[in-house]
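Asker: Residue numbers (the working numbering): 0 to 45. Sharing a structure below in structure tokens format, with a few things to ask.
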Amino acid sequence: MDADTVIMPKVHQGKNIKRFRDILGVKQEALAAKLDMTQQAFSKLE
């Protein structure tokens with residue numbers, strides 16, 4: 000490994016997405032619709 004190589008840990012951002020969604024008072028269905036995806040697909044992200 001080179002000295003310039005940076006190893007980034009894999010971070011699941013689902014909890015952050017849910018936290019911000021809750022703060023904004025947005026339901027999964029509404030955000031999923033804005034992102035042109037199903038609620039079920041969005042749920043898998045969280």
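Built from N, CA and C at the ideal position, the CB exists for glycine as well. Being a predicted model, the structure only gives us computed values, none of them experimental.
Assign residue 19 to one of two classes, buried (16 or more other C-beta atoms within 10 Å of its C-beta) or exposed (fewer than that).
Answerer: As a position in the sequence shown, residue 19 is number 20, starting the count at 1. Residue 19 comes out exposed.
Asker: According to DSSP, is residue 2 part of a helix, a strand, or is it coil?
Answerer: To locate residue 2, count along the sequence shown from 1; it is residue 3. Residue 2 falls in the coil class under three-state DSSP.
Asker: By how many angstroms is the C-alpha of residue 6 removed from the C-alpha of residue 26?
Answerer: As a working mapping, residue 26 is identified with position 27 in the sequence shown. As a working mapping, residue 6 is identified with position 7 in the sequence shown. Cα to Cα, the separation comes out at about 35 Å.
Asker: Rounded to whole angstroms, what is the Cα-Cα separation between residue 4 and residue 38?
Answerer: Position 5 of the sequence shown, counted from the start, is the residue given in the question as residue 4. Position 39 of the sequence shown, counted from the start, is the residue given in the question as residue 38. Spanning the two alpha carbons is a distance of roughly 38 Å.
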